[in-house]
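K.L.:
The opening residue of the sequence shown carries number 99 in the numbering used here; numbering runs sequentially from there. Cβ atoms here follow ideal geometry from the backbone N, Cα and C, with glycine treated the same way. Predicted model only: the values in this text are computed from it and were never measured. Before I ask anything, here is the structure I am working with.
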Amino acid sequence: MLKTYVIWWHSKFIDEINRDITTIKAIIENTKKTLEPLEKLKQLEEKGKIKVKPTGSLNPLYIEINDPAVEPDVANNPLVETLYE
Numbered sequence: 099m100l101k102t103y104v105i106w107w108h109s110k111f112i113d114e115i116n117r118d119i120t121t122i123k124a125i126i127e128n129t130k131k132t133l134e135p136l137e138k139l140k141q142l143e144e145k146g147k148i149k150v151k152p153t154g155s156l157n158p159l160y161i162e163i164n165d166p167a168v169e170p171d172v173a174n175n176p177l178v179e180t181l182y183e
């Protein structure tokens, strides 16, 4: 079974913001929470261990793994969803 790793931006930046009590502060706090795990993926990308698959779209964002040793780090990242084909 082939695994594909993706990030769905609408659910990470938009859907998780509470619309009943939306404030600028709440939006910033939610965005900061999203950026923390994204930073870990950025570090793997900078080391050449992963890369973003060019698709012409950012939703979903497909992640290609160049170094199999980091696959658990990608799979366990809270922003990443695993699709099975």
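Within its chain, find whatever has a CB closer than 7 Å to the CB of LEU136; leave out the 5 residues flanking it on each side and keep chain order.
P.N.:
Closer than 7 Å at the Cβ level, and outside the excluded window around LEU136, lie LEU177.
K.L.:
I'd like to know if the segment 149-160 and the segment 114-124 are in contact, where contact means that at least 3 CB-CB pairs between them fall below 8 Å.
P.N.:
Judged by Cβ distances under 8 Å, the segment 149-160 makes no contact with the segment 114-124, as fewer than three pairs qualify.
K.L.:
Return the chain-ordered ranges of every alpha helix (DSSP H) run that is complete within the segment 106-182 and spans a minimum of 4 residues.
P.N.:
122-144 and 169-173, all fully within the segment 106-182.
K.L.:
Can you grab the Cα-Cα spacing for the pair LEU100 / ALA124, in whole Å?
P.N.:
Cα to Cα, the separation comes out at about 38 Å.
K.L.:
Below 8 Å on the Cβ atoms is my contact criterion, and I expect GLU179 with TRP107 to pass it. Report the Cβ-Cβ distance as a whole number of Å.
P.N.:
In fact, because the Cβ distance is near 12 Å, the residues do not count as touching under 8 Å.
K.L.:
Have a look at ILE161, THR132 and LEU133 and flag the residue whose alpha-carbon is nearest the alpha-carbon of GLY146.
P.N.:
Closest option to GLY146, Cα to Cα, is ILE161.
K.L.:
Are the Cβ atoms of LEU159 and VAL168 separated by less than 8 Å?
P.N.:
Contact flag unset, no.
K.L.:
Leaving aside the five residues before and after LYS138 along the sequence, list all residues of the same chain whose C-beta is less than 8 Å from its C-beta, in chain order.
P.N.:
ASP171 and ASN175.
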